[in-house]
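Below, the structure written as structure tokens:
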């Protein structure tokens, strides 16, 4: 099969594959730059990369096709998604222009660049091609290995140094040195007593033991929700749910439905009392 | 079909990536666009390797992948530390050196 690749024109099957997958790849690339959220961009880019891997395989670069899937969509895109999660999924790009007319100028530049690039390729006389069949005769991986460890062995070794530098660099960049000593448990408790604000442990979240989700504030005796019961992180993000009304309405709706099913007369909502309140 | 079409596709993807770098201001998305450009270059290398009938283009594409992996690691580390310092991943916010 590999020897058949040495021809002046590719097979019809490859042409069909190129036109279908090429369209999808371009759509994926456009979605990457047009999607508002970084997660959607990352997923579109992953799709484009998988299609490029198929193209590598079609071009006789079997080793690169597999490496593309494993390294790019497997490792690099997962790293991207990891950082997107770390930085915040909900953080959408602001669409306000800071430099006036920058977007249109950028589009114009891109268009001009693309026209130049494509016209340049169109002008080159690329009518004939050799095909990879001869080079792949002894196996694609073997051929690459032979070149890598003879002609390109120096570049290969430099690559090793680059990878180690990158790993160390990433560790240095994201590592944070503690500027002060961490407080011990004894110091923390002494500090709490000295301040005299909140001596016992913080109250637990949840409303009337009906909800035990951590994002629902517990109610004080007078019925108002207490922010103290919700974790500090959720409080800062503003992700506290107040369900004191929700629970009441749910129960009322349930009663209503039960009555309709049993075809009873409706109980007056004003006299209706929740069992939790009655038991208190 | 002539394999030159792969070159046209690579040029198109590279252009889309370059436009994305200019348009977007979220540092992560800008970075993804750079990855797209690198991938387009790889596709051109692989297509050239087929047209010339030798494996040198694939070797260069292989090295590009290694360099891209190293670049992603360092770049994302920079973005994470930038986000820690400024609570934002927008490239517009990093303007401390501006007058």
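Residue numbers (the numbering used here), protein chains in the order written: chain B, 129 to 408; chain L, 21 to 119.
Beta carbons: idealized from backbone N, C-alpha and C, even for Gly.
Predicted, not measured: the structure shown is a model, and the values here were computed from it.
Below 8 Å on C-beta distance, what does residue i contact in chain L?
i: residue 215 of chain B; result: 48, 99, 100, 103 and 109
i: residue 195 of chain B; result: 82 and 85
i: residue 249 of chain B; result: 24, 27, 28 and 31
i: residue 176 of chain B; result: 33, 56 and 59
i: residue 269 of chain B; result: What residue 269 of chain B touches in chain L: nothing, since even the nearest Cβ is about 10 Å away.
i: residue 142 of chain B; result: 21
i: residue 154 of chain B; result: 29, 32, 33 and 36
With DSSP as the reference, please indicate the residues paired to residue i in a beta bridge.
i: residue 46 of chain L; result: L:110
i: residue 354 of chain B; result: B:346
i: residue 369 of chain B; result: B:344
Can you tell me whether residue i is buried or exposed, with buried defined as 16 or more other CB within 10 angstroms of its CB?
i: residue 377 of chain B; result: exposed
i: residue 357 of chain B; result: buried
i: residue 213 of chain B; result: exposed
i: residue 193 of chain B; result: buried
i: residue 48 of chain L; result: buried
i: residue 327 of chain B; result: exposed
i: residue 148 of chain B; result: exposed
i: residue 349 of chain B; result: exposed
i: residue 95 of chain L; result: buried
i: residue 407 of chain B; result: With a pLDDT of only 47 at residue 407 of chain B, under 50, the local geometry of the prediction cannot be trusted, and the value read off the model is given with reservation. Exposed: under 16 other Cβ atoms inside 10 Å.
i: residue 391 of chain B; result: exposed
i: residue 163 of chain B; result: buried
i: residue 285 of chain B; result: exposed
i: residue 173 of chain B; result: buried
i: residue 132 of chain B; result: Reliability of the predicted coordinates at residue 132 of chain B is poor, the pLDDT of 45 falling under 50, and the value obtained from them is presented with this limitation in mind. Exposed, since its Cβ has fewer than 16 Cβ neighbours within 10 Å.
For residue i, go through chain L and note every residue whose CB falls closer than 9 Å to its CB, in chain order.
i: residue 208 of chain B; result: 48, 51, 52, 55, 92 and 96
List, in order along the chain, the chain L residues whose C-beta lies closer than 7 Å to that of residue i?
i: residue 212 of chain B; result: 48
Considering just the uninterrupted stretch of the alpha helix (DSSP H) at residue i, what are its terminal residues?
i: residue 193 of chain B; result: 190-195
i: residue 317 of chain B; result: 313-323
i: residue 409 of chain B; result: What is shown of chain B runs 129 to 408, which leaves residue 409 of chain B out entirely.
i: residue 299 of chain B; result: 281-302
i: residue 74 of chain L; result: Unbroken run through residue 74 of chain L: none, as it is neither H nor E.
i: residue 273 of chain B; result: 268-276
i: residue 155 of chain B; result: 140-162
i: residue 199 of chain B; result: Run containing residue 199 of chain B: none; DSSP gives neither H nor E here.
i: residue 240 of chain B; result: 230-251
Taking Cβ-Cβ distances shorter than 7 Å, what residues in chain B pair up with residue i?
i: residue 112 of chain L; result: 226
i: residue 106 of chain L; result: The premise fails here: residue 106 of chain L is roughly 11 Å from chain B at the closest Cβ pair, so nothing lies under 7 Å.
Name the chain B residues whose beta carbon is nearer than 8 Å to that of residue i?
i: residue 173 of chain L; result: This structure cannot speak to residue 173 of chain L, because chain L is shown only from 21 to 119.
Meets three-Cβ-pair contact criterion under 8 Å: the stretch 174-193 of chain B and the stretch 44-59 of chain L: Taking 8 Å as the limit for Cβ pairs, the verdict is that the stretch 44-59 of chain L does touch the stretch 174-193 of chain B.
At least 3 beta-carbon pairs within less than 8 Å: the stretch 31-44 of chain L vs the stretch 235-251 of chain B: yes
If contact is defined by three or more beta carbon pairs under 8 Å, each pair taking one atom from either stretch, is the stretch 22-39 of chain L in contact with the stretch 75-92 of chain L? no
Would you call the stretch 339-355 of chain B and the stretch 303-316 of chain B in contact, with 3 or more CB pairs under 8 Å? no
Are there three or more Cβ pairs, one per stretch, closer than 8 Å when the stretch 69-85 of chain L is compared with the stretch 263-283 of chain B? yes
Going along the stretch 273-285 of chain B in order, which residues come within less than 9 Å of chain A, judged by CB to CB distance? No chain A is present in this structure, whose protein chains are B and L.
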